[in-house]
Amino acid sequence: MLEKLNEIERLGLEALETVRDEAALEAWRVAHLGRSSALMQLFNGFGQLSKEERPVMGQRANEVKKALEAAFNARSDELRQAALKRSIEQERLDVTLPGRRVPLGRLHPDTQILRELYRIFGEMGFQVYCSREVESDEYNFQLLNFPIGHPARDMQDTYFVESEGRGDNPIVLRTHTSPGQIRAMREISSRNPHNPAPVRIVLPGMVYRYEQVDARHETQFDQIEGLAVGPGITFSDLKGTLADLARRLFGQNVRTRFRASFFPFTEPSAEFDIECFLCGGKGCNVCGGGWLEIGGCGMVHPVVLQNGGYDPERYTGFAFGLGPQRIAMLRYGINDIRYFWENDLRFLEQF
Ligand code: FA5
140 MLEKLNEIER LGLEALETVR DEAALEAWRV AHLGRSSALM QLFNGFGQLS
190 KEERPVMGQR ANEVKKALEA AFNARSDELR QAALKRSIEQ ERLDVTLPGR
240 RVPLGRLHPD TQILRELYRI FGEMGFQVYC SREVESDEYN FQLLNFPIGH
290 PARDMQDTYF VESEGRGDNP IVLRTHTSPG QIRAMREISS RNPHNPAPVR
340 IVLPGMVYRY EQVDARHETQ FDQIEGLAVG PGITFSDLKG TLADLARRLF
390 GQNVRTRFRA SFFPFTEPSA EFDIECFLCG GKGCNVCGGG WLEIGGCGMV
440 HPVVLQNGGY DPERYTGFAF GLGPQRIAML RYGINDIRYF WENDLRFLEQ
490 F
C-alpha cells in the first residue's frame, strides 16, 4: 500500500506539471483530490487494515494528501500570476496616446444672428418680448386690421389648425410676429389704461406660411418684430432705427433703401432692403434684383393702436418685421435659406 501511495503522489505531481490553465487545474483537482480519486479511495479502505498498519499508512496518506494540496495551491498561484501578467501586457494602458476628441456643439447661425440683434436692439433701448406661436385668427389677422376675407390675407396663406366650432376665429400657426404687437400693447396699456406707458420692444419667434419654397422663402422661418409707441414718434424715427441697425450689422458703407408697400396694420408702409452682398448688387438667385428684402415696416395704423389700448390721437408708433435668416444670409454669405433647418453638419460646422 505504501508503494501505491508513492505512486499516487508521483503521478499527481507529474500530471500537475502539464496543467496550463484554470480549467485543467480544476480537472486535476477532481481527479487527484476529489471524492473518487485514487487517494480518497485509499482513505476509505483504511478500515480493512490491521491496527499496526493503520497509523503508518494513515500518516503517509496524510503526507501525500498535504503534498498534493500544497502543489495544487502553488500551481494555482502560478497560473493566476501568469494570467495577471498576460492581461497587464496585453491590455496595457498607453497614457501617452492623445485623447479622443469630444465633438463640441455650437450655436446655430440663426441663434447667433438673433443674439446679435438682441444686443443691438438692447443698446437702442428695446426690450425682448415673447409672444405665442399658436394664435387665433383674431390676433393674427382681425385686430391687425385684416378683416375676414380681406385680400391681404392671401399674402400669408397659411396653416389653420383648428376651425371646428370657432366660427370666424379659427386657431392658426402665426404667419408673422405682428400679433405680438397687440398682445404687448394690451398687456402694457392694461397696467395704466388712461395713461399707458410708451412701448419699445422686439418680438422674436417662429412663423409659418404655406409658401412656394425657394432660395429665400421657407414655410417655417423666424421673424423679429419691432414696435415703438409713444407720443410724437415719426416715420423718420423708423428710418433712422433701421438704417442704424443696418450700419451696426454691416458697417458704415452699407446701402439700404425703403420701398413703398402695403400692410393693413401700418400706414404708410414700406419694405426695407439691403444691397445684396452675395452678388455685390448685380442680381442673383437669392436677391433677384441686387437688393434683398429684409423686412416690412411702417407707422402703426390708428386702428391697431386702438386695438392695443392706445389712443391714436395721443400716441403714434412705428413697427417693423424683419427676417433674421435673410440677415444671416447676407452676413455669412449663405446662398440658400433651405440650409438653415436641414441639419446638415457640413453647413452647421462652418459657423
Ligand atoms: C410681414 O410679415 C409683416 N408682418 C412685417 C411688418 C411688421 C410690416 C410690422 C409692418 C409692420 P412680410 O411678409 O414682408 O411682412 O415678411 C417680413 C420679412 O420676413 C420679409 O422681409 C423676409 O425677411 C421675411 N420673410 C417673409 N416671408 C419669408 C419666407 N417665406 N421665408 C423666409 N423669410 C421670409
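Take the position in the sequence shown, starting the count at 1, then add 139; the result is the number in our numbering. C-beta: ideal position from N, C-alpha, C; glycine also.
Once DSSP output is grouped into helix, strand and coil, what is the label at residue i?
i      : result
Val203 : helix
Ala336 : coil
Trp134 : Residue 134 is absent from the model: the chain starts at 140 and stops at 490.
Met263 : coil
Arg325 : helix
Thr395 : strand
Tyr471 : helix
Ala354 : coil
Thr250 : helix
Between residue i and the ligand FA5, is there a pair consisting of the residue's CB and a ligand heavy atom that are separated by less than 6 Å?
i      : result
Thr250 : no
Glu255 : no
Gln281 : no
Cys514 : Since the first residue of the chain shown is 140 and the last is 490, residue 514 is not available in this structure.
His289 : no
Gly448 : no
Phe459 : yes
Arg110 : Nothing can be reported for residue 110, as the shown portion of the chain is limited to 140 through 490.
Phe397 : no
Phe402 : yes
Alpha carbon to alpha carbon, how far is residue i from residue j?
i      : j      : result
Met196 : Arg231 : 52 Å
Phe397 : Gln281 : 26 Å
Pro242 : Leu484 : 12 Å
Met324 : Gly238 : 55 Å
Arg299 : Val311 : According to the sequence shown, residue 299 is Phe rather than Arg. Spanning the two alpha carbons is a distance of roughly 4 Å.
Phe265 : Gly419 : 31 Å
Val442 : Leu283 : 8 Å
If I measure Cβ to Cβ from residue i and keep anything under 8 Å in the same chain, skipping five residues before and after, which residues do I get?
i      : result
Ser110 : Here the chain covers residues 140 to 490 and nothing more, so residue 110 does not appear.
Which first and last residues belong to the alpha helix (DSSP H) in which residue i is found?
i      : result
Ser375 : 374-389
Gln362 : Here Gln362 belongs to no alpha helix (DSSP H); instead the beta strand (DSSP E) covers 359-369.
Pro441 : 441-446
Val169 : 161-172
Asp276 : 276-279
Leu283 : Here Leu283 belongs to no alpha helix (DSSP H), and DSSP marks it neither H nor E.
Can you give me the start and stop residues for the beta strand (DSSP E) that residue i sits inside?
i      : result
Phe459 : 455-461
For residue i, collect the residues of the same chain with a Cβ closer than 7 Å to its Cβ; drop the 5 residues on either side in sequence, then sort them by chain order.
i      : result
Gln464 : Asp249, Phe360, Asp361, Ile476, Phe479
Ile433 : Phe411, Asp412, Ile413, Leu461, Gly462, Arg465, Ile466
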